[in-house]
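Protein chains in written order, with the numbering used here: chain A, 1 to 326; chain B, 1001 to 1271.
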């Protein structure tokens, strides 16, 4: 089920959380809403779920306009950052909740719950209470609960945000694989660009209530549409006036047209890569990312004078003038 | 540390244990028979019965109202919200005697609604309905104030999760919200009950204090005392105190159940 949001505007008092936002999520895709905190990404997800009512705009699931459909009838699976586990119910009853509400026959509920618990690796934990589970287990339970009702779309609000790094990476992988198996249209919200890059097929970058860019991870990284996207999705440095990625710079040992003269201030060895910090004769300090082999070949010495230039094509991506992307 | 404990014990002893203990002592000073006789007269029985009736009317009404109001204050935005929030505490702030007088002004024969009720043959003041109103008024804040912080702490995520899983607002309330706030509701009910049992001032003003008709247990204590019947007054006090103790024990039981970890009841047969 494709998701289409158009012209979404939402205020909280005087604060404009979303400003005429349009997003298209293809059927069966795994999309990340990426942005800093307070950018409006969670609000957008909640509008899609029907948990917030937009001041203006429409939400469509496939051909159906669901803008005025309540969350109750929208058929979405929603996973919260802090799990929203029903604390007074066992894991089994948590997962069965949506099926019981739908008055499914008991044996059918039982079979479905078993199947889901297996899917999320919680088979032995069915009779425990959420308080007895770890964060990662609770979040898997919440996922099983959301999937139980076979939602048309799965929405996850910073699903790994409250977990520690190792568990987070495990769950990321696992979500990725789950999506390959279940193939339900999925949107997840994150402020972690690496997480978005690793998990998503499509990334929608949100900032200050607007969409900055939507595209495949490689596209967003390599062809950022705005300076904000450029800075948010990867490392940047300044080459004169231009913003560039440190690995898109090249150091040469003699003057060239278009190359900037600079003194090597520091050389930092980071295992596979080497970071050279340069101080141009004119302009702000910059850093260049090289492979170890390149650094060895250049025999960079601190205090040495070198020239630095963009490694390919133009110095920096030409930003499209409009910030709005359909 | 030791001095502190001693001070606390002395304080409690002087203010609580000694007076209550003395009441028990005085009650049974002339034997259990006299005390028993005194609390089983028709008037005494009626007084206890009336107190219980008032509790049974006021507590459930205040529980329903209290939960609804707490939900309104914690889960909705509306005009006059902060006003409502402060008005809830009025029964704590206003002396019960004043509450009684105010009720007479509104519902009494010369009050706003007095004529209308009189024409329809309904008597509010100097009869049970007025006493029920007074009792409801004085124990109104308890459930609201106990449930509010619990609602705030529980947050809205569980309710939202239930909604996205297809639960209607009513289903969400019964299956998610109410179980989550049940301890708050329990404490509110216990406190309301204790307050309703012990209410004196407001009920005294609106009751007319007719022995055997509009006399509650607390009013009877006062009435017996003034009638130079100390055993009557003390023994009625003891019955009231026992009711109060029963309520407190119930509250203790609730607390113990709440603190019992879920783990103990559910770990059999699991790794």
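Idealized CB from N, CA, C, for every residue including glycine.
Put simply, the backbone Cα of residue 51 of chain A is about 56 Å away from that of residue 1221 of chain B. For residue 200 of chain A, same chain residues with a beta-carbon under 7 Å away, outside a window of 5 residues either side, are 30, 31, 32, 217 in chain order.
Ranking A:292, A:149, A:176 by CA distance to the CA of residue 1164 of chain B puts A:149 first. Interface residue (Cβ-Cβ distance to chain A less than 9 Å): residue 1082 of chain B is not classified as such.
The Cβ atoms of residue 1176 of chain B and residue 1159 of chain B sit closer than 9 Å to each other.
Against chain A, a Cβ distance below 7 Å from residue 1176 of chain B picks out 86.
In the DSSP assignment, residue 227 of chain A falls within the alpha helix (DSSP H) that extends over 227 to 233. Taking C-beta separations shorter than 8 Å and ignoring five residues to either side along the sequence, the partners of residue 1085 of chain B in its chain run 1073, following chain order.
Note on geometry: alpha-carbon atoms of residue 223 of chain A and residue 208 of chain A lie some 21 Å from one another.
Our two residues, residue 1218 of chain B and residue 1130 of chain B, have alpha carbons roughly 16 Å apart in a direct line. Pairwise C-beta distances place the region 75 to 85 of chain A out of contact with the region 17 to 29 of chain A, as fewer than three of them are shorter than 8 Å. Cβ neighbours of residue 175 of chain A within its own chain (closer than 7 Å, five residues either side excluded): 199. Chain order gives the chain A residues near residue 1166 of chain B as 72, 98, 101, 102, 149, where near means a beta carbon separation below 7 Å. Listed along chain A are 71, 72, each with a C-beta nearer than 7 Å to that of residue 1163 of chain B. Taken atom to atom, the span from the alpha-carbon of residue 37 of chain A to that of residue 1091 of chain B is near 44 Å. Judged by DSSP in its simplified three-state form, residue 152 of chain A adopts coil rather than helix or strand.
Look at residue 179 of chain A here: in three-state DSSP terms it is helix.
In this structure the region 151 to 160 of chain A does not lie against the region 1169 to 1184 of chain B, because fewer than three pairs of beta carbons, one per stretch, are closer than 8 Å. Cβ atoms of residue 182 of chain A and residue 143 of chain A stay farther apart than 8 Å, at about 10 Å. Scanning the region 1122 to 1183 of chain B for uninterrupted alpha helix (DSSP H) segments of 4 residues or longer gives 1128 to 1138, 1141 to 1154, 1157 to 1164, 1169 to 1172, listed from N- to C-terminal end. The C-beta of residue 1149 of chain B comes no closer than 9 Å to any C-beta of chain A. Put simply, the backbone Cα of residue 307 of chain A is about 11 Å away from that of residue 288 of chain A. Assigned with DSSP and collapsed to three states, residue 250 of chain A falls in strand. Nearest to residue 1210 of chain B by alpha-carbon distance, out of B:1185, B:1040, B:1115, B:1127, is B:1127. For residue 1157 of chain B, the nearest CB of chain A lies under 9 Å from its own CB, placing it at the interface with that chain.
Listed in chain order, the non-local C-beta contacts of residue 245 of chain A below 7 Å within the same chain comprise 234, 235, 236, local neighbours out to five positions each way being set aside.
For residue 213 of chain A, the enclosing beta strand (DSSP E) begins and ends at 210 to 215. From the beta-carbon of residue 76 of chain A, the residues of chain B found nearer than 8 Å are 1164.
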